[in-house]
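Keeping their order, the protein sequence lines are chains X and C.
Take -19 as the starting number for the first sequence in the numbering used here and just add one per residue.
Take 89 as the starting number for the second sequence in the numbering used here and just add one per residue.
Cβ atoms here follow ideal geometry from the backbone N, Cα and C, with glycine treated the same way.
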Amino acid sequence: MADRRAFLGLAAVLTACTKSKTPSVVEQSMAPYGERAATETIARTATERTASVGVGSSTTPLQELHGVITPSALHFERHHAGIPKIDPAKHTLLVHGLVEQPMEFSLDDLKRLPTVTRTHFLECSGNGGAELRGIAGGTAEKSHGLLSCSEWTGVPVKVLLEQAGVKPEAKWVVAEGADACRMARSIPMAKCMEDALVVYGQNGEALRPGQGYPLRLLLPGFEENASVKWLDRLHVTEEPAQSNQETAHYTDLLPDGKARQFSFVMDTNSVITRPSGGQKIAGGAGFVEISGIAWTGNGKIKRVEISTDGGKTWVDAALEEPVLSRSLVRFRAPWVWDGKDAVIQSRATDETGYLQPTRDEIVEARGMNSQYHYHGVKPWAVKADGSVTNV
Amino acid sequence: MFRIVFLLCAVSAFGQTKYPGVGKAAPAERVKAADMTVMADGRGLPVGRGNVETGRGLYKTHCAECHNEAGEGRDKQWPALVGGTGTLATKSAKKTVGSYWPYATTVWDTIARSMPYNNPGTLKSDEVYAITAFVLHLNGIVAAGQGLDEKSLPQVKMPNRDGFIPAVHPDVKAKR
């Protein structure tokens, strides 16, 4: 009986297939390297700051993405002197300074060493700076798009430092890239020994050129600028080098005129990506799932709360497993929209208990000159016609 | 016994490392050729010198197109190198070499590794000392007739030398 029912079902399907129009043209052949469907068009927005090619930034269209992994082709970029062309066969990483034996590693060498794969976000510390200045972004990409998340594969920096033998007086590691300006940042030894990686893999394949091909530093939870791309030198030192990017830039000016320096850790943050600015709830009142992303340089996200009444009341959102340390986390919350104007927002709490502040609370602590590390609660206005805009 | 002897040989062949045979020892000349780190106390600066007047000419050739004739910057894209003294604690804070940068060595290092913008890393050490002297002169930090070398540059005290504090994290308190 069961077999007969299955047979009839199959027959029905076959009949349906023969009645529907068979595609006359195969959309794509089995290409050696696949492309997305021609009807899919989401893209980064690039801002080239000068006439120099590849200098500037591009942002990830967060409001269009699912899950937590950013496709490599949509990872945000920020370059200070363009993308260098590097022959991976000739690229090496030099480890020297306060070590017993200066060492040089080829990519083949690195692939022989103990390897780890980890999912981590990278965020430019300038992300959201416009929100602080009151020039709020109309979409999640405009407000938070200097943020991406990938699965990275490489070797712990600790392994390389052990291989060279770190001297006891060593406290910092100056990381330098092979781009035209040889961008350099000083990294505390404690971070290098905790979870810093040198990575050659991104989302299962080699790094993209804009992400440091063939090798970059990856400092989980730290401001992205310090995760030096095109990495070719680690200089072990007693002191930080006081390089341009850790003095003139990436320091946070406070109201009293003093500046916070080495403010590496990216603060606890979240944003609703659906529904979010620039989108429209189609079909009027009724059920709408609210979804977004949360992240923290402090470790794991513990809790995300949602408000649909402008912050008066809050309910817990569900966090999608696995909740990984220093990774984006996807949150979801059910919402039955009454079809009236509403203001929706999210706020995250991390495992240390730190609660994501409002813009006013950030301004109170840091004033208006601290352009980096903005992480305020982001409200979106839902209008009765279903359109979503910036508040 | 044979096994113990074999292990001892392996250790001596590859050195006392946890991952024997991976990576190669970098000779001193290889390290010297690659090492361009300049520390705030002057370690790493190459031997060389340049003065304000030489720097004036070099600045005009290599820097003025973007940073303007007297370091005032151009548009929003090209940062000012001078001015801003006394503004850091105000709403119109202006961060320049003179008002903000804590170390003179950082000026040298920035020019040496990342300038001129479209052709970085092409200036000779003496030229970098000269342009550094001129930019500091524009800020009233180095006198007109003065020169700088690897010994005197780290001695230059920048006006905002004490303007930086190590970040304490977290620094914002939210109310539930």
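Close beta carbons around LEU224/C, own chain, < 6 angstroms, minus the five adjacent residues each side: VAL230
Between LEU78/X and chain C, is there a C-beta pair that is closer than 8 angstroms? Taking Cβ atoms only, chain C never reaches closer than 8 angstroms to LEU78/X, which makes this a no.
Residue range of the unbroken alpha helix (DSSP H) whose run includes TRP196/C: 192 to 202
Alpha carbon of ALA364/X to alpha carbon of PRO254/C, nearest angstrom: Across the structure, ALA364/X and PRO254/C are spaced so that their CA atoms are roughly 48 angstroms apart.
At least one CB of chain X closer than 8 angstroms to the CB of PRO242/C: is that the case? By this cut-off, PRO242/C is not an interface position.
Inter-residue Cα distance where the pair is ASN207/C and VAL216/C: 14 angstroms
Does any CB atom of chain X fall closer than 8 angstroms to the CB of TRP196/C? no
Measuring CB to CB, does VAL139/X end up less than 8 angstroms from PRO168/X? no
Option in LEU177/X, SER166/X, LEU78/X and LYS122/X with minimal Cα separation from PRO148/X: Nearest to PRO148/X by alpha-carbon distance, out of LEU177/X, SER166/X, LEU78/X and LYS122/X, is LEU78/X.
Does at least one heavy atom of the ligand FAD sit under 7 angstroms from the Cβ of ALA192/C? Ligands displayed in this structure: none; no statement on the ligand FAD is therefore possible.
Give the secondary structure of ILE286/X by DSSP, where H, G and I count as helix, E and B as strand, and everything else as coil. strand
Residues that ILE253/C contacts on chain X, provided the C-beta gap is smaller than 9 angstroms: LEU234, LYS238, ALA239, ARG240 and GLN241
Same chain, Cβ closer than 6 angstroms to ASP(-17)/X, neighbours up to 5 away in sequence not counted: With a pLDDT of 48 at ASP(-17)/X, under the threshold of 50, the modelled position of this residue cannot be trusted, and the question is left open.
How would you list, in chain order, the residues of chain C whose beta-carbon sits under 9 angstroms from the beta-carbon of SER326/X? Close to SER326/X, with beta-carbon spacing below 9 angstroms, lies no residue of chain C; the smallest spacing is near 13 angstroms.
Would you verify that the beta carbon of PRO190/C is, or is not, closer than 8 angstroms to some beta carbon of chain D? This model lacks chain D altogether, as its protein chains are X and C.
Based on Cα-Cα distance, which residue from THR248/X, ARG254/X and PRO255/X lies nearest to LYS282/X? THR248/X
Whose Cβ in chain X lies nearer than 9 angstroms to the Cβ of THR193/C? ALA221 and GLN222
Runs of alpha helix (DSSP H) wholly within the stretch 283 to 366 of chain X (minimum 4 residues, chain order): 339 to 346
Measuring alpha carbon to alpha carbon, tell me which of ASP318/X, LEU299/X, PHE56/X and LEU304/X ends up nearest ARG310/X. Of all alpha-carbon atoms in ASP318/X, LEU299/X, PHE56/X and LEU304/X, the one lying nearest the alpha-carbon of ARG310/X is that of LEU299/X.
Do TRP152/X and GLU203/X come within 8 angstroms of each other at the CB atom, strictly closer than that value? no
Is there at least one Cβ from chain C nearer than 8 angstroms to VAL(-7)/X's Cβ? Since pLDDT at VAL(-7)/X reaches only 46, below the 50 mark, its modelled position is unreliable, and the value read off the structure follows with that caveat. Cβ-Cβ to chain C under 8 angstroms: no for VAL(-7)/X.
C-alpha gap between HIS46/X and ALA297/X, whole angstroms: 17 angstroms
Take GLN241/X as the anchor and find which of VAL135/X, HIS353/X, GLY184/X and ALA155/X has the nearest alpha-carbon. HIS353/X
Beta-ladder partner(s) of PHE267/X, from DSSP: VAL316/X.
Give the single residue among MET203/C, ALA114/C and THR220/C whose Cα lies nearest to the Cα of GLN81/X. ALA114/C
TYR147/C CB to nearest chain X CB: under 8 angstroms? no
Per-residue burial, TRP360/X [other beta carbons within 10 Å of its own, 16 or more giving buried]: buried
Would ASP321/X be called buried (16 or more neighbouring beta carbons within 10 Å of its own) or exposed? exposed
Which residues in chain X sit within 7 angstroms of ARG201/C, going by Cβ to Cβ distance? CYS161 and ARG162
Whole angstroms is fine: what's the gap from ASN358/X's alpha carbon to LEU335/X's? Reading off the sequence shown, one finds Lys at residue 358/X, where the question assumed Asn. In a straight line, the C-alpha of LYS358/X is about 14 angstroms away from that of LEU335/X.
Going along chain C in order, which residues have a C-beta closer than 8 angstroms to the C-beta of HIS215/X? ASP123 and THR125
Among ALA158/X, SER105/X and ILE270/X, which has the Cα closest to the Cα of ASP123/C? ALA158/X
Run through the DSSP bridge pairs and tell me what ARG58/X is partnered with. SER37/X
So what does DSSP say about PHE222/C, is it helix, strand or coil? Residue state for PHE222/C is assigned as helix, using DSSP reduced to three classes.
I need the straight-line Cα distance from VAL96/X to ALA274/X, nearest angstrom please. 24 angstroms
With H, G and I counted as helix, E and B as strand and the rest as coil, what does DSSP make of LYS280/X? Residue state for LYS280/X is assigned as coil, using DSSP reduced to three classes.
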